[in-house]
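Peer 1:
In my numbering, the protein residues as written are 792 to 1050.
1. Taking only runs that begin and end inside the stretch 855 to 913, name each unbroken beta strand (DSSP E) of 3 or more residues, in chain order.
2. Helix or strand or just coil, what does DSSP make of residue 843?
3. Flag this pair as yes or no: are the beta carbons of residue 919 and residue 858 separated by less than 9 Å?
4. So, helix, strand or coil for residue 984, using DSSP?
5. What would DSSP say about residue 960, mapped onto helix, strand or coil?
6. To the nearest angstrom, how far is the alpha carbon of residue 1035 from that of residue 977?
7. What are the residues that DSSP puts in a beta bridge with residue 1030?
8. According to DSSP, is residue 1008 part of a helix, a strand, or is it coil?
9. Does the Cβ of residue 851 have 16 or more other Cβ atoms within 10 Å, making it buried, or fewer, making it exposed?
10. Within a Cβ cutoff of 6 Å, which residues of the same chain sit near residue 1024, ignoring the five residues on either side of it in sequence?
11. Could you work out which residue in 916, 909, 911, 878 is closest to residue 899 when comparing CA atoms only?
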């Protein structure tokens, strides 16, 4: 087990930020710990799945960097158990460039993924993006409790409650990860408007490198699996548009009575 306490934070970090790394390859784990601790974060590393679950319960980290292939129980089961106890942003690492694996990872609660080999610069950028999205969600919840919250967006049979970060399709609640919610909100805020992959990367992931556009595609597929295939239209070579399926032909969102 490696435990490194970082020094002063850098932009994009936060005082007291704790990162848990669950990686069984010592050289990779050591490199990740060294690079993330340089950002001013406290970083702890464990090398198997059961230790990862235990460490997450003990540390209550702000973000988890989690390898898929682990001894004991694999990263998918680790992610399930961690999320069942307490929602936390998870960045999954996979050695296989297999979209099926990526979609399964997103389906069990991971917020993002990277395929090995990867650059440490991109790892830091993705981790900072996860932390920023968590901070934004916390601030939004605090503002909602302190003042008049933004009314829900109602588009066809989909309701996006920005204050409570909940999504309904009809009367059924759809459970989304923080990343999936932010992606849906970015699309639903401008219905029937095509948003490029690069714009979605910048707005949702705070990441502007074109190498990340496949991340957008995989999260769109995960959203379709949860919401249904009819709500998000692909514009080949460009991006995606949210398409309400009734009652908003003018492309506008409505607010429910009394909101």
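Ideal Cβ positions, reconstructed from N, Cα and C, are used throughout, including at glycine.
Peer 2: On the basis of the coordinates in this document:
1. 881 to 885, 903 to 906
2. helix
3. no
4. coil
5. strand
6. 14 Å
7. 987, 1026
8. helix
9. exposed
10. 1032, 1034
11. 878
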